[in-house]
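Visitor: For the sequence shown, the residue numbers in mature numbering (1 follows the signal peptide of the UniProt record, and there is no 0) are -23 to -1, 1 to 87.
Idealized CB from N, CA, C, for every residue including glycine.
Handing you a structure now.
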Amino acid sequence: MIKKVSKIVLTSALLLGVSGTYASLDTHSHNFSNSTQNTVNAKTLSKHFTVHKSAKKKSNLPKSIHYSKRVKKNKTMHITYSGTLKRKSIKKSGNKYVATYSGTLNGHWS
C-alpha cells in the first residue's frame, strides 16, 4: 500500500512539475517557431539549375559560369538565385559546340 501511494504522489509531482515547465515553455514557443520557420525557408531556397551555352570553338566554353536568376514569388517578394555552375558535358551539334552547365544554387529573398 505504501509503495502504491508513493508512486501516485511521485507521479502527481512529476506531472505538476512537467506541466509547469510546459506552460513556461509555451509562452516562448512563438519566438522559437518563427526562427525555426525562417531556417526551414532558408533551407528550401536552394534549387538545381541546368543551362546550355554554345560556341564555335570548344576552347571558348569555360569550365564554369556565373549564373543569376530572379524568380517572383508573390506581388512584392522575389527570390534571387545566384552562383557558379560547373560544366558537365560538351557535345558537337552541327558546326558548333554546346556545353551543359548544372549545379545547385542558393537563393535569397529580395
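How long is the line joining the alpha carbons of I67 and N51, rounded to whole angstroms?
Guide: By one-based count along the sequence shown, residue 67 stands at place 90. By one-based count along the sequence shown, residue 51 stands at place 74. Near 37 Å, if we compare the C-alpha coordinates of N51 and I67.
Visitor: Does the beta-carbon of G84 have 16 or more other beta-carbons within 10 angstroms, so that it is buried, or is it exposed?
Guide: Translated into positions along the sequence shown, residue 84 becomes position 107. Classification of G84: buried, given that the 10 Å Cβ count is 16 or more.
Visitor: Between K65 and chain B, is there a C-beta pair that is closer than 8 Å?
Guide: Within the model displayed, chain B is absent; a lone protein chain is all it includes.
Visitor: In three-state DSSP terms, what is N37?
Guide: The count along the sequence shown starts at 1 and reaches residue 37 at position 60. Reduced to three states, the DSSP call for N37 is helix.
Visitor: Do the CB positions of K24 and L82 come within less than 8 Å of each other?
Guide: Translated into the one-based positions of the sequence shown, residue 24 becomes position 47. Translated into the one-based positions of the sequence shown, residue 82 becomes position 105. Yes, Cβ-Cβ distance for K24 and L82 is below 8 Å.
Visitor: Using the C-alpha atoms, what's the distance from K73 back to S87?
Guide: Within the sequence shown, the letter at position 110 stands for residue 87. Within the sequence shown, the letter at position 96 stands for residue 73. Taking the straight line from one Cα to the other gives about 37 Å.
Visitor: Return the residue from the list N37, K65, G71 that minimises the CA-CA distance to T27.
Guide: Looking up residue 27 in the sequence shown gives position 50. Measuring from the Cα of T27, the nearest candidate turns out to be K65.
Visitor: Can you give me the C-alpha to C-alpha distance between V48 and G60, rounded to a whole angstrom?
Guide: Position 71 of the sequence shown, counted from the first residue, corresponds to residue 48. Position 83 of the sequence shown, counted from the first residue, corresponds to residue 60. Cα-Cα distance, rounded: 15 Å.
Visitor: Suppose you measure from the CA of S45 to the CA of I56; what does that come to, to the nearest Å?
Guide: Taking the first residue of the sequence shown as 1, we reach residue 45 at position 68. Taking the first residue of the sequence shown as 1, we reach residue 56 at position 79. When rounded, the distance between both Cα atoms is 11 Å.
Visitor: Rounded to the nearest angstrom, how far is the Cβ of S31 from that of V75, given a contact under 8 Å?
Guide: Within the sequence shown, numbered from 1, the residue matching residue 31 stands at position 54. Within the sequence shown, numbered from 1, the residue matching residue 75 stands at position 98. Contact between S31 and V75 holds: their C-beta atoms lie close to 5 Å from each other, under 8 Å.
Visitor: Pick helix, strand or coil for N51, following the three-state DSSP scheme.
Guide: Here residue 51 refers to the residue found at position 74 of the sequence shown. It is coil, neither helix nor strand.
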